[in-house]
């Protein structure tokens, strides 16, 4: 995947980090815009779309969590991939970001090279998902998913907003119903990268998807945990009519 013409919007209040990443990512072929606070970020994203956004958690006017929530509720930008940067070693920050719809996170300090790898992995995943969709609606259990619009509907009429990570994970399960998918398979297919030891990002993503699907029973009914093996979608999937 070529990074040429792919645009990135970064918000970070550290001028040195902004300048470093703008220079590095520009040399890698990305179009980079930066801003120092939430207000500037909101204005920049409203003025022009970006292929990916990078949010620092700690900002002078509002935190990256509120910006992540705002993006996922945005009428035109809700599907943009999000990477969150956090200086905290507290896992709670990462959990919050993922629950709000972030696609990946990176702890400070980090190398620009690692960030570039995360960016390329996310963009590959988005491109792969777009190439795979065929316009059908997939029906499973009490749900219908339009694989082009990424719109998910319950039989009672409720529409559930999906982040890019939510959609990628759900689509993976729908492509492999009744199959046991291990964590590495899920990580490679939805994150575009191998998991690190003790990396809980897949488990968090599955937990978030269960919440979206009202699969909160103990044990979960729809997405089952297969101890020592991975996860399984316990539902039949059929093509349906357009929404």
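Numbering (full-length UniProt numbering), first residue to last: 1 to 243.
Think of the CB as a built atom: it goes at the ideal place given N, C-alpha and C, for glycine as much as any other residue.
The beta carbons of residue 56 and residue 12 sit about 4 Å from each other, so the pair counts as a contact at 8 Å. In the three-state reduction of the DSSP assignment, residue 41 falls in the helix class. Three or more pairs of CB atoms, one per stretch, sit closer than 8 Å, so the stretch 201-218 contacts the stretch 94-113. Rounded to the nearest whole angstrom, the C-alpha separation of residue 176 and residue 237 is 9 Å. Contact check for residue 122 against residue 103 passes: the beta carbons are separated by less than 8 Å. Of all alpha-carbon atoms in 213, 98 and 35, the one lying nearest the alpha-carbon of residue 153 is that of 213. The count of Cβ pairs closer than 8 Å, one atom from the stretch 104-113 and one from the stretch 167-187, stays below three, leaving the stretches out of contact.
Taking C-beta atoms as the reference points, residue 54 and residue 71 fail to come closer than 8 Å. A Cβ-Cβ contact shorter than 8 Å links residue 147 with residue 138. Rounded to the nearest angstrom, the Cβ distance from residue 100 to residue 69 is 5 Å, consistent with a contact under 8 Å. Taken in chain order, the unbroken stretches of alpha helix (DSSP H) that lie wholly in the UniProt domain "Response regulatory" (7-123) and span 4 residues or more are 15-27, 38-47, 64-72 and 91-99.
A straight-line Cα-Cα distance of about 43 Å links residue 21 and residue 178.
Straight-line spacing of the CA atoms in residue 24 and residue 9 works out to 14 Å. Taken atom to atom, the span from the alpha-carbon of residue 5 to that of residue 112 is near 19 Å. For residue 159, the pairing in a beta bridge is given by DSSP as 153. Under the three-state reduction of DSSP output, residue 148 falls in the coil class, being neither helix nor strand.
Cα atoms of residue 77 and residue 167: separation of roughly 15 Å, rounded to the nearest angstrom. Judged by DSSP in its simplified three-state form, residue 200 adopts coil rather than helix or strand.
Across the set 219, 228 and 240, the C-alpha of 219 shows the shortest separation from the C-alpha of residue 234.
Bridge partners of residue 181 according to DSSP: 231.
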